[in-house]
Every structure is written in C-alpha cells, then in structure tokens.
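First residue of the sequence shown? That's 31 in the numbering used here, and the numbers climb one at a time after it.
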Amino acid sequence: MSTAAAAVSLGMTATERSAVNPITLEIIRNGLTMIAEQISRRMIRAGTSYIIKEMEDCSAALFDGQARLLAESASIPIHLNCIGITLKTVLEHYFPTETWRPGDVVITNDPYAGGTSLSSHHTNDIIAFFPVFAQNRLVGFTALNTHHMDIGAMWMGTRGWGVEIWQEGLRIPPLKLMREGQLDKAVMALILNNTRVPLILENDLVAEMSAIQKGAEEMQTIFASYGTDTVLTCFDELICQSEQRTRAEIVSIPDGIYRHEEKILEDGAKGGPYTLRLTMTVAGNAITFDYTGTDPQIDGPINAPLSATMAATYYVMKCITDPTIPNTEGCSRPITIIAPPGTLVNARLPAACFQRMIVCHSIVDLIMGAIAQAVPERAMADSCGCLYNSVVAPNLDTGEIGVASEVVPGGIGATSWGDGLNVMSCHVTNCPIPPIEATEIEAPVVYLRREFAQDSGGAGYWRGGLGQILEYRVLGKNPLFHHTSQKSVIPPQGMMGGLPGQGGGWYINRGTAKERELEYAIGDVEFLNAGDTVTHISPGGGGYGNPLDRDRDRVRRDIEAGFISREAARGLYGY
C-alpha cells in the first residue's frame with residue numbers, strides 16, 4: 031500500500047498528515063500522557079479509602095470529542111481499556127455530545143448501561159467523565175475509573191458467591207452528578223444512602239470529580255497554547271500512528287488460525303469446571319479473537335461483561351506488540367472481537383459479574399496459549415491468576431468498619447527472554463502490594479508472616495516467578511472473610527517445555543487443632559472468630575523452556591537466594 035493510500039485509509043489525507051509538525055506532535059502526546067498520570071496521582075493522594083490510597087485501584091484516560099482514546103495513565107489495564115467503551119455507551123444512549131455543558135460530570139457504575147454490557151465491569155467501579163471545551167466546541171473528555179470501598183452490596187469486600195447483579199450493590203445509570211459546576215445534592219444523597227461508609231464514599235467521589243476537572247483545565251491549556259485546529263489534527267495523527275504501528279506488528283505474526291481453551295473453577299466448585307474457547311485468526315495486518323464455544327454465563331459472580339473481555343483482549347495485544355506504541359484508539363482498530371451474548375465472556379442481565387477477573391485472567395492465558403502456536407517468542411507461561419483476599423470487621427472499641435482487601439500477589443510466568451517476576455499482582459490488575467503498616471492501621475488484621483514460597487516458581491530454562499506465603503490474625507467483631515485462588519487446583523502451566531508453578535491454598539488456623547483447608551478456588555463468605563489466623567500460599571508462575579538447559583550459575587544463584595531448594599535443583603535442574 032502506498033503512503034498516500036495508507037493515510038487515506040486511516041482517516042487523514044497525505045497532505046493533512048504531512049502538515050503535522052513532529053515536534054509539536056510529540057509535545058502534545060507527552061502532555062496528554064502527563065495529564066492522565068496527574069489525574070490518577072491526584073486521586074490516589076486525595077482518596078480516603080484504603081483501596082484507593084494504598085492499592086491505587088484507579089485509572090485515568092483522555093479522549094477527544096468523538097470518544098477516541100488519546101492517552102492514559104500507567105495504572106490498571108482492566109480499567110483503562112473499558113473507560114472509552116463506557117464513554118461511547120454514555121454518548122450513544124444517554125448524553126449525546128450536544129447535551130454536555132462546561133462543568134458537567136457524568137458518572138456510572140452499571141455494567142448493563144445501554145442494555146448490553148459495554149460499561150463499567152462491576153458496581154464498585156464508578157467511572158466519571160468531564161467535558162473539555164475550547165472556543166465553545168466540545169473537543170474532549172477527561173475520565174477516571176475508581177474502585178470505591180462500598181456501594182451497598184449484600185457484603186462488603188469481595189462479596190462471596192452472588193448469583194445476580196442486584197446482590198452486587200447500587201446500580202448507577204449514567205447521570206449527571208454535576209451540572210455546569212453545581213453538585214446535584216439529591217443524586218449524591220441517594221448514592222450515600224446506599225453505602226455503609228457514606229463519609230468515605232463522599233470524599234472519594236469529590237476527589238474523583240476534582241481530579242478530572244483539573245485534568246480538563248490542563249487539556250484546555252494545550253488547546254490555548256497551540257490552537258484548536260492544530261491540536262485536533264495532532265489527535266488524528268496520534269491515532270493514525272498507533273494504528274499503523276499496531277498493524278505492522280500484526281503483519282509479523284504468521285497468517286493462520288490458532289485455537290486454544292482454558293478451564294476455570296476446575297475444582298468442581300459451583301458447577302465447574304467451565305470452559306473458555308478461542309479461535310484466533312491472523313490475516314495480514316488484522317487479527318480476530320473469536321470466543322465462540324465458550325460456556326454460557328452462570329448463576330455466579332464470575333461472568334465477564336463484554337467490556338471486560340475487550341479490555342483483557344486489548345491488554346494481551348499490548349503485551350505482544352511494541353511497548354513503545356502509544357496506547358490510543360488506533361491500537362484497537364485492527365482487532366475484531368467476537369463474543370456470543372449470554373456467555374461467560376459477554377454477560378447479559380441478570381448475571382452477577384463482581385468476580386469477572388477470574389474470566390479476564392483466564393482470557394490472558396487463553397490468548398497466550400494461541401499466540402504461542404504462532405510466535406512462541408512473544409508468549410509467556412501462565413501466571414498466578416486471579417487472587418483476592420478480604421476481611422471485614424468492626425473495630426471492637428470504636429465500632430468503625432475496617433476492611434483489609436488485597437489483590438494478592440503471586441508468581442508471574444516466565445518468558446522467552448527472562449525469569450518471571452516474584453510476588454506481583456499480575457496482568458490486568460497491576461495493583462501494588464499495600465504496606466503492612468498501612469494495612470494494620472486501616473484494617474482488622476495483624477500480619478504474622480509474608481515471605482517467598484520456595485520452589486513455587488515453575489522450573490524452566492527461564493524460571494517462573496515465586497509466589498508468597500502470607501499469614502495474618504483477624505481482629506474485630508465477627509470478622510467476615512472471602513478468598514479467591516484461581517490456580518489452586520490446576521497450577522499455572524509452563525510453556526515450551528517449562529514446568530508448572532506450584533502452590534495455591536487457603537487455610538484457617540493452620541498448624542493448630544482447628545486447622546481447616548478451604549475447599550474451593552472461589553468460596554462463599556466465611557464467618558471467622560477474632561484471633562483466627564488465615565494462611566495463604568499463592569501459586570508461582572509457569573516456567574519457559576527445558577529446565578535441564580538452565581544456566582548453572584542461575585541455578586546456583588537461585589539456591590543462594592532461597593528461591594529454590596537444593597533438592598529441587600537436583601531433581602528438576604540436574605544441578
């Protein structure tokens with residue numbers, strides 16, 4: 031294809047593209063990225079709830095007036111790739127562009143806004159949008175996706191096994207919480223009347239709105255500095271460049287049809303196992319992910335809205351393509367996603383979806399399994415999967431509700447170029463490990479132990495990352511506990527001859543006469559007693575390549591670091 035033809039196919043003429051000053055383009059691109067980062071940082075600094083200020087469970091993005099992605103913060107991948115999908119739903123079904131005014135804020139947390147599942151992934155994620163005007167033209171939006179502490183579900187924390195969306199808290203359809211800079215107090219009162227922690231939720235919502243308002247002001251500064259027409263032309267060029275570079279990456283994948291499947295709830299819990307199926311078709315500079323054959327949605331919280339499936343799919347494409355490609359609307363244009371309605375990857379009312387991350391993490395491994403058939407050097411072994419840990423209890427002295435909720439870290443799968451990372455929140459979550467001291471101040475727990483789980487990383491030419499051993503004592507009145515441990519039965523699988531990761535299990539009062547191992551990979555809410563201990567061993571990542579070929583010095587260093595035992599070195603690595 032000629033340069034001129036390529037430019038026309040991407041929505042700009044060759045003349046328009048050549049008129050873009052590359053220096054100006056880079057200044058604007060970096061400016062947009064910095065604004066997105068600052069929005070996210072402001073939310074984290076101003077947030078009250080533990081899950082925002084310590085786990086940083088929020089993400090920011092910027093869009094043009096057509097809801098096309100321009101830039102995003104380096105935050106939570108599952109958030110980032112759904113914000114634009116939600117904005118398109120808002121503009122199409124609720125607030126067309128002509129209905130926006132300066133100072134408006136639209137929020138929603140409803141996975142089924144618009145009648146399908148192209149919105150927020152679960153009710154705790156409230157997405158907020160702020161319009162950007164230049165010369166009285168709607169030229170963009172700033173947005174934040176923030177996980178809020180409580181939205182009035184039947185349980186706080188990670189919920190247990192809900193079977194319908196109405197058990198998962200207040201559903202907020204897209205509505206204006208701010209109108210031309212004025213708070214709608216009636217709407218705010220309605221929201222705060224449906225939470226156990228109204229003061230915390232109110233502060234976090236105000237922080238969310240303030241962060242995107244400041245981001246909008248910063249976007250307006252860019253328009254004022256370079257002129258509206260110049261900036262809008264740069265927006266087009268940024269999107270075109272991302273599309274071109276993404277298509278060039280896809281061309282390097284051999285054309286063909288590649289199939290793979292994954293099991294979830296493989297321990298038989300709640301009617302499992304369930305199957306996810308993928309047919310990946312590469313044709314020139316385009317790629318299709320077809321999930322036809324995936325099992326129907328279930329009466330449980332693991333169903334993924336279509337927006338979540340799309341977000342997980344886009345994430346894997348970013349993993350296997352050039353990481354320097356700016357993540358704009360152009361990155362998704364070469365990608366087609368087919369997900370039959372009413373399945374685990376395209377939920378419909380009344381499906382519960384709070385634990386949709388179980389499916390989303392499996393989608394990552396599902397696609398990696400297909401990618402390994404085409405370009406194994408770009409794929410990676412399985413990681414620890416979806417791991418959650420939540421304790422909720424009122425303080426015995428004050429009665430104030432405390433929540434210890436963590437996206438539990440485990441081992442990351444090895445790649446063709448290196449060992450997997452140890453004890454990390456993997457793939458589409460990307461939350462940091464909250465400090466123990468901060469957790470103990472906020473939550474009804476005392477930590478007893480947190481250490482690497484020796485020998486948990488799958489053996490290979492490149493070793494899988496290690497999981498962890500976590501142990502804490504629960505405090506407070508009538509503590510509620512909930513867990514998810516996705517890879518506790520079928521461990522994270524290795525790749526290209528690498529061995530599976532090891533570990534995976536939850537225990538109550540381990541090492542005592544009252545020891546109890548929790549049976550299921552995802553369980554119902556457990557009612558504990560103050561003083562009980564919880565122990566979790568998270569899985570290590572799968573290995574990559576034949577472990578007998580691993581460099582001897584690397585094996586020696588792993589022994590010295592305590593990552594592997596001498597017995598494992600002899601038995602698995604021939605050391």
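Just so you know, even glycine gets a beta-carbon here, dropped at the ideal spot from N, CA and C.
Query: Three-state secondary structure (DSSP) of residue 433; Result: strand
Query: 8 Å Cβ cutoff met for residue 345 and residue 111; Result: yes
Query: Segment limits, alpha helix (DSSP H) that includes residue 262; Result: 258 to 281
Query: Residue interval of the alpha helix (DSSP H) (run including residue 588); Result: 582 to 591
Query: Rounded straight-line distance, which links the Cα of residue 604 to that of residue 336; Result: 46 Å
Query: Nearest-angstrom Cα separation, counted from residue 400 out to residue 290; Result: 5 Å
Query: Assigned exposure category for residue 171 - 16 Cβ within 10 Å defines buried; Result: buried
Query: Length of the line joining the Cα atoms of residue 229 and residue 79; Result: 10 Å
Query: Residue 161 versus residue 382 - alpha carbon distance; Result: 31 Å
Query: Residues near residue 272 in its chain [Cβ-Cβ closer than 6 Å; skip 5 each side]; Result: 355, 356, 358, 360, 361
Query: DSSP three-state assignment for residue 228, whether helix, strand or coil; Result: helix
Query: Straight-line gap, residue 202 to residue 173 (C-alpha atoms, nearest Å); Result: 16 Å
Query: Contact under 8 Å by Cβ, residue 523 with residue 412; Result: yes
Query: Beta carbon of residue 136 nearer than 8 Å to that of residue 120; Result: yes
Query: Beta-carbon contacts of residue 124 that lie in its chain and below 6 Å, excluding the five residues immediately before and after; Result: 204
Query: First and last residue of the uninterrupted beta strand (DSSP E) at residue 158; Result: 155 to 164
Query: Three-state class that DSSP yields for residue 363 in the structure shown; Result: coil
Query: Residue 238 versus residue 469: straight-line alpha-carbon distance, rounded; Result: 22 Å
Query: Neighbourhood of residue 288 by C-beta, 6 Å cutoff - its chain only, sequence neighbours within 5 removed; Result: 310, 400, 403, 404
Query: Span separating the alpha-carbon of residue 453 from that of residue 445; Result: 16 Å
Query: Reduced DSSP category for residue 50 - H, G, I as helix; E, B as strand; rest coil; Result: coil
Query: Whole-angstrom C-beta distance between residue 573 and residue 529, which should lie under 8 Å; Result: 5 Å
Query: Length at least 4, wholly inside the segment 424 to 505: the alpha helix (DSSP H) runs in chain order; Result: 466 to 472
Query: Which listed residue (304, 436, 567) has its alpha carbon closest to that of residue 81; Result: 436
Query: Contacts around residue 225, its chain only, beta-carbon distance under 7 Å, and the 5 residues preceding and following it disregarded; Result: 180, 181, 182, 231
Query: Outcome for residue 300 when other beta-carbon atoms lying within 10 angstroms are tallied against a minimum of 16; Result: buried
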